[in-house]
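Heads up: the structure comes next, in structure tokens.
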Amino acid sequence: MKLFALIIVIMTGATLIYSTLEMPNWGDPNSPASLHVSPRYIEKTLEETATPNAVTSVLADYRGYDTLGETTVIFTAAVVCILLLRRFEDDKTV
Amino acid sequence: MIWITELLILTILLICAVGAIHVKDLLSSAILLGAYSFLMCILWAEMGAVDVAFTEAAVGAGISTAFFIGAIYQTTRRTKD
Amino acid sequence: MIRLYDDLIIQTVCRIMIPFIQLFALYVITHGHYSPGGGFQGGCILGASFILMVIAYDIKWMKKRFSEYTNIFMIAFGVFIYAFVGLICIILGAEYLNYGILHKVLPADPVKVRALATLGIEISVGITVMAVMVSIFLNLATFGKHERGEV
Numbered sequence: 000m001k002l003f004a005l006i007i008v009i010m011t012g013a014t015l016i017y018s019t020l021e022m023p024n025w026g027d028p029n030s031p032a033s034l035h036v037s038p039r040y041i042e043k044t045l046e047e048t049a050t051p052n053a054v055t056s057v058l059a060d061y062r063g064y065d066t067l068g069e070t071t072v073i074f075t076a077a078v079v080c081i082l083l084l085r086r087f088e089d090d091k092t093v
Numbered sequence: 000m001i002w003i004t005e006l007l008i009l010t011i012l013l014i015c016a017v018g019a020i021h022v023k024d025l026l027s028s029a030i031l032l033g034a035y036s037f038l039m040c041i042l043w044a045e046m047g048a049v050d051v052a053f054t055e056a057a058v059g060a061g062i063s064t065a066f067f068i069g070a071i072y073q074t075t076r077r078t079k080d
Numbered sequence: 000m001i002r003l004y005d006d007l008i009i010q011t012v013c014r015i016m017i018p019f020i021q022l023f024a025l026y027v028i029t030h031g032h033y034s035p036g037g038g039f040q041g042g043c044i045l046g047a048s049f050i051l052m053v054i055a056y057d058i059k060w061m062k063k064r065f066s067e068y069t070n071i072f073m074i075a076f077g078v079f080i081y082a083f084v085g086l087i088c089i090i091l092g093a094e095y096l097n098y099g100i101l102h103k104v105l106p107a108d109p110v111k112v113r114a115l116a117t118l119g120i121e122i123s124v125g126i127t128v129m130a131v132m133v134s135i136f137l138n139l140a141t142f143g144k145h146e147r148g149e150v
């Protein structure tokens, strides 16, 4: 059974390594990711949002709804942690 | 010369990752995961993604190691398998 | 796990270090416009300073300064500020989280007000992340009892 799992893992890894050969080079300016919307953000972020750091302006301004969801995820993690783990002294059920 | 540094960091990263799985002591495993996160942070900073590197250093190497150690103290320190 | 150490060296070093860690965390949060950083990273560092207080001193010592009520209040308060800023944008007549419309209520032009609103949102995310990190650590390390262990 361990041999079977090893074969599966090796096949998955080989597939992943093979698929990285098709990826664009690191820092390639002609890759699809840096042609579509990235130049727009880099050029317009200072005159539209007055924020020199493009990462902050994308995170909090252009994609503010995304960050709201991220904050809600962290909030939910804390609420679940309190609900599952917190025990009070006068609680007779535990 | 930069690729030699990258190769060195990646080799230590791989050693940390394999060691974190194979070591029997869970506390050592948590510390190895912290070292893994920190090497990953160096790698990201070297590639130019400074914000991601900062997040990795604050969350991966700092907070999550403290969480792991806090959780290990509630259970046994040695792994069963 | 958490007990009162009588180790003078650890307590002294932590007492000297904690204000600088918190000052650096506030710098990371508020300087996120110009340098790497932001609400999430700064909140993590700020939470780590409170975790250091718990480890070096005692859980009671920390809860005297940062009570559990305040902690749970802050978890919800950060998300509330974030969503409320978006709601103000709707009330003033723009889309949700479109901060440019806030120049009607804040003394700045529509471009500068976006940077101001971004700062407010970074602070709210920092508040939430700080409280969440402290809460998760206390609940994990003391198994929800919030008292010091017998070790």
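Protein chains in written order, with numbering that gives the first Met the number 0: chain A, 0 to 93; chain B, 0 to 80; chain C, 0 to 150.
Here a beta-carbon is modelled for each residue, glycine too, at the ideal position from N, C-alpha and C.
Residue i - containing alpha helix (DSSP H), residue span
i        : result
C:HIS30  : No alpha helix (DSSP H) contains C:HIS30, which DSSP labels as neither H nor E.
C:PRO35  : Here C:PRO35 belongs to no alpha helix (DSSP H), and DSSP marks it neither H nor E.
C:LYS162 : Coverage of chain C is limited to positions 0 through 150, which leaves residue 162 of chain C absent and any answer about it impossible.
B:GLY69  : 63–71
A:ARG39  : 37–48
A:VAL57  : From DSSP, A:VAL57 is part of no alpha helix (DSSP H); its letter is neither H nor E.
B:ALA52  : 49–54
Beta-carbon separation (whole angstroms), residue i vs residue j, contact threshold 8 Å
i        : j        : result
C:GLY77  : C:SER123 : 4 Å
B:VAL49  : C:PRO35  : 4 Å
C:HIS145 : C:ILE58  : 6 Å
C:LEU101 : C:ILE120 : At roughly 12 Å, the Cβ-Cβ gap does not stay under 8 Å, so C:LEU101 and C:ILE120 are not in contact.
B:CYS15  : B:LEU31  : 5 Å
A:THR44  : A:ALA53  : 5 Å
C:GLU51  : C:ILE17  : A small fix is needed here, since residue 51 of chain C is Leu in this sequence, not Glu. About 6 Å; that satisfies the 8 Å criterion.
A:ASP60  : C:THR117 : 6 Å
C:PHE23  : C:ILE44  : 6 Å
A:ALA77  : C:ILE54  : 20 Å between Cβ atoms; not a contact.
B:PHE66  : C:ILE135 : 7 Å
C:ALA114 : A:THR48  : 6 Å
C:GLY41  : C:GLY125 : 5 Å
C:VAL112 : C:TYR95  : Not a contact, Cβ separation roughly 16 Å.
Those residues which DSSP pairs with residue i across a bridge
i       : result
B:ARG77 : B:ASP24
DSSP-derived helix/strand/coil call for residue i
i        : result
C:ALA75  : helix
A:GLU69  : helix
C:THR141 : coil
A:MET129 : The requested residue 129 of chain A is not part of the displayed model; chain A covers only 0 to 93.
C:ASN70  : helix
C:ALA114 : helix
A:PRO28  : coil
C:VAL150 : Unreliable placement is indicated for C:VAL150, whose pLDDT of 48 sits below 50; the coordinate value is still reported in the next sentence. Coil.
C:GLN10  : helix
B:VAL17  : helix
C:PRO18  : helix
C:GLY85  : helix
B:GLU5   : helix
C:GLY46  : helix
A:ALA77  : helix
B:MET39  : helix
A:LEU15  : helix
C:LEU96  : coil
B:ALA44  : helix
B:LEU32  : helix
A:MET0   : coil
C:GLU121 : helix
Worksheet item: If you measure beta-carbon to beta-carbon, which residues of the stretch 52–83 of chain A are closer than 7 Å to chain B?
Response: VAL54
Item to complete: Taking only beta carbons into account, state which residues of the stretch 48–74 of chain B come closer than 7 Å to chain A, listed in chain order.
Response: ASP50
Worksheet item: Going along the stretch 24–36 of chain C in order, which residues come within less than 9 Å of chain A, judged by CB to CB distance?
Response: GLY31, HIS32, TYR33, SER34, PRO35 and GLY36
Worksheet item: Of the residues that make up the stretch 107–119 of chain C, which ones have a beta carbon closer than 7 Å to any beta carbon in chain A?
Response: VAL110, LYS111, ARG113, ALA114 and THR117
Discussion item. Any C-beta of chain B within less than 7 Å: which residues of the stretch 62–78 of chain C qualify?
Written reply: none
Practice prompt. Scan the stretch 124–137 of chain C for residues whose Cβ lies nearer than 8 Å to a Cβ of chain B and list them as they occur along the chain.
Written response: MET132, ILE135 and PHE136
Worksheet item: Given a limit of 7 Å on CB to CB distance, which residues of the stretch 4–23 of chain C reach chain B?
Response: none
Worksheet item: Can you list, in chain order, the residues of the stretch 30–50 of chain A whose Cβ is nearer than 8 Å to any Cβ on chain C?
Response: GLU46, GLU47, THR48, ALA49 and THR50
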